[in-house]
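Under this note's numbering, the first residue of the sequence shown is numbered -8, with each subsequent residue one higher. Scroll down for the structure; my scribbles are underneath it.
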Amino acid sequence: MRPQLWQIVRFGLVGAVNTGTFYLLYLVLHPHLPYFAAFTGAFFLSMVGSFFMNTYFTYRTRPTWRKFLLFPLPNITNYLVQSGGVFVLVEWARMDDRIAPLPAAAVAIPITYVLSKTVLTGRDEAPARPAPGRAAGSAQGDDLGAAPVRVEVVEQ
């Protein structure tokens, strides 16, 4: 399978885990908050986990503070698409407010993939591990931790 296709598969797996995490948080918060406040709280809490899963697993890049601070940008779009969808499904289509976040999330997936890939693998993507002889984060000082990297040794 091509690397791009594997990346999309990994994005889907992370999305499934993140959607499950979001939905569990939503169900925990929903009895104590109005549905929209529960949706918003669960969305932002699950976004932190999504950042780390996407940097380490999906895009195999190094998490940095810069990326962490930029990561909400694609998620703002995701949030607008999802929250608009939840509102329309609950208020206009009269869908059960416990179910509405799921189809709303499905609509936002392709948009989130493109935008998060841009943020997490932009032009200035650095290797996941420092070059030999260089300390981690020595150039930027903004590492959030090392990402696993597959290394192949080719003998000549």
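By construction, the Cβ of each residue, glycine as well, lies at the ideal position given by its N, Cα and C atoms. Since the structure is predicted, the reported quantities are computational estimates derived from the model, not experimental observations.
Tell me whether residue i sits in a helix, a strand or coil according to DSSP, three-state version.
i	result
W55	Note that residue 55 corresponds to Thr in the displayed sequence, not to Trp. T55 falls in the strand class under three-state DSSP.
A95	helix
M38	helix
F62	coil
Y50	coil
P101	helix
L211	Nothing can be reported for residue 211, as the shown portion of the chain is limited to -8 through 147.
A84	coil
I(-1)	helix
I67	helix
G6	helix
T109	helix
E116	Confidence at E116 is low in this model, with a pLDDT of 41, below 50, so the placement of that residue should be treated as unreliable; the coordinate-derived value is given next. Looking at E116 - three-state DSSP - the assignment turns out to be coil, as it is neither helix nor strand.
Once you ignore the five residues that flank residue i on each side, which residues in its own chain have a CB closer than 7 angstroms to its CB?
i	result
A99	N69, V72 and Q73
N45	V5, S107 and L111
A29	Y17, L20 and H21
F48	R1 and V5
E116	Confidence at E116 is low in this model, with a pLDDT of 41, below 50, so its placement is unreliable and the value that follows should be read with caution. Cβ neighbours of E116 beyond the five flanking positions: T52.
L80	M86, A91, P94 and A95
A84	none
T12	S37 and G40
Can you tell me which of the options puts its alpha carbon nearest to the alpha carbon of residue i?
i	options	result
L18	T112, D87 and P65	D87
I149	I67, Y104 and F59	The first residue shown for the chain is -8 and the last is 147, placing residue 149 beyond what the model contains.
G32	A97, T52, P92 and G113	P92
F43	L(-4), F27, V8 and L24	V8
G163	R89, F62, P(-6) and P101	There is simply no residue 163 to check, as the chain begins at -8 and stops at 147 in what is shown.
L24	S41, P94, R89 and P101	R89
F35	T10, Q(-5) and L(-4)	T10
V77	L15, L(-4), P(-6) and Y26	Y26
Residues in its own chain within less than 6 angstroms of residue i by CB, not counting five upstream and five downstream?
i	result
N66	M38
Can you determine whether any heavy atom of the ligand GDP sits closer than 8 angstroms to the C-beta of residue i, and answer yes or no?
i	result
L93	The ligand GDP is not among the ligands present in this structure, which contains no ligands whatsoever.
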